[in-house]
Structures are given as structure tokens and as C-alpha cells.
């Protein structure tokens, strides 16, 4: 009996030593920043050094949404890794169809297509990648719960059943930042270069916006996902998701994604 008790105590000690403490989540009220732009939503930040989250509207941070153009990050990685995209300098040929966003109506590199969120370019890429490679690589990347079928191959990130939460976006960005995704390091570095938005002496801001356009069954829904690398070596990841408080999206809504994110980062002294 004594020997069994000692064995149980020993196993318990091993389990305790190997246990990972739950992440600390601090909830903050950033609603005034959202009100300023007439939107509702949530924002989630994670500081790498401390392992601590800061969240506004925590329940919503755990809710899944279509990734919209934030999916261009894993989409580019998958394209590069599978060879469907030779490199980010590869030119996407304009198909001649004039669309609402004039910046889309031209030939452009995939680096530029990512920056201006050119949906038609990434739909061309999706058709080159194919259903099975997406299904395989999305599992490897652990990127939310994407629903890819032959019927939705070039729209699955924009409409349908695909979902990703803000917590899942943060975890994906952490692995990209650390180059720990199961993708060649050179491809991860290439994507990170394209994501750079602003470089200052004190910090560098990386990010990507996304916008799921309003439809008969879905409201406008938009993202900002990214991170800040401070000159002192600290890193914070930030993921915002918003919807209009009422009515359809407008120009203010488009600008709100980055503006609210930067306002919160400034309030928390990251910018």
C-alpha cells in the first residue's frame, strides 16, 4: 500500500510539473473607440512575453466569423508551399472585368494583391491550388474551421460555413511570427514582409484587413489582424472584428478597422 501511495504521489508531481497554467485574460472597456466609428465588435490582444490577453467583449472574441480577406495570409502561404504561386512577385493578370474597387482593375503582383485585398486575384490562385491541397494544408496550419468543397473553392473564405475566432487568429499569427508553421521558412518570411504596414524607430506594425460584404443573410463584418514588434523586443498580437451598429457599411466603416486597432494600441502604449 505504501509503495502504491508513493507511486501515485510521484505521478501527481510529474503531472503538476508538466501542467501549463491557464492564460490570464484581462477584460477592458474599449467601447468609446467603437462608438466613435458607429460600429459594434470586439478586440483581443496577446502579449508574447507575459502570456497575457487583453479582451473587449470576450464572449464575442470566442465567436467564429468568416475570415474574409484575412484569409489571404494563409492563402498566400499555401500557394507558395504548393507551387501554385511561384513567389509574391508573380503577376496576376486582370481579367478585364471592371469591379467596384478601381485598384483591382489592373495587372498586379501577388504582393500588391494582398495589400489591396484583390479578391479576383486570390480566386484565380484558389482555382490553381484545388480542393484537396486546401483541405490538407488547412489542417496542417490549424487555421480555424474552413469548409472547402468543389462548389465553393473560390469563395469559401467569403461565404458559407467557414469560421475562425479571434483567439484562433492570434494563435495562427503567433506561429507565423515565430516561423513555426509547417511551411518553408522563406515563404513565411516573404508573407511577413508583405504584411508590414508601418516602420518607426520605436516599433513596426504588421497587419491585414478583411471585409465580409453585406448580403441578404449576413451583415457587413470586418477584421484587422496583426502584431506590433517593439524595438525593445516585446511583441503584441491584435485581432479586431467589427460590424456596423446599424445600416450598411460606409467609408467610415472601412477606415474603422485600422483606426480602432491603432487607437487601442496607443491607449495601451504599444504605439
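In my numbering, the protein residues as written are 737 to 1007.
Think of the CB as a built atom: it goes at the ideal place given N, C-alpha and C, for glycine as much as any other residue.
For residue 979, count the other beta carbons within 10 Å of its own beta carbon; 16 or more makes it buried, fewer makes it exposed. Which is it?
buried
Taking its Cβ as the centre, do 16 or more other Cβ atoms sit within 10 Å of residue 903, making it buried, or is it exposed?
buried
Inter-residue Cα distance where the pair is residue 832 and residue 822:
23 Å
Please determine if the segment 963-976 and the segment 770-788 are in contact, where contact requires at least 3 C-beta pairs separated by less than 8 Å.
yes
Look at residue 959 and residue 804 and say whether their C-beta atoms are less than 9 Å apart.
yes
Member of 900, 815 and 949 whose CA lies at the smallest distance from the CA of residue 863
815
To the nearest angstrom, report how far apart residue 1004 and residue 826 are at their CA atoms.
39 Å
Considering only residues of the segment 900-959, which uninterrupted beta strand (DSSP E) runs meet the minimum length of 3 residues and lie entirely inside it, listed in chain order?
932-935 and 939-948
Paired residues, beta bridge with residue 973 - DSSP:
782 and 963
Going straight from the alpha carbon of residue 817 to that of residue 921, what length do you get?
10 Å
Give the DSSP-derived three-state secondary structure of residue 980 in the structure shown.
strand
Grab the span of the alpha helix (DSSP H) containing residue 812 for me, first residue to last.
808-818
Three-state secondary structure assigned by DSSP to residue 999:
helix
Identify, in the order they occur along the chain, each residue of the same chain with its Cβ nearer than 6 Å to the Cβ of residue 970, setting aside the five sequence neighbours on each side.
785
Give the secondary structure of residue 898 by DSSP, where H, G and I count as helix, E and B as strand, and everything else as coil.
coil
Report yes if the C-beta distance between residue 881 and residue 800 is below 9 Å; otherwise report no.
yes
Coarse secondary structure for residue 853, derived from DSSP in three states
coil
Going by alpha carbons, who is nearest to residue 954 out of 929, 984, 935 and 810?
984
Inspect the CB distances between the segment 853-863 and the segment 874-892 and report whether three or more fall short of 8 Å.
yes
Unbroken beta strand (DSSP E) run spanning residue 792, endpoints
788-792
Contacting residues, own chain, Cβ-Cβ under 7 Å from residue 961 (five flanking each side not counted):
806, 905, 909, 943, 944 and 975
Top-ranked residue by Cα proximity to residue 787, from 907, 900 and 768:
907
Could you give the DSSP three-state label for residue 881: helix, strand or coil?
strand
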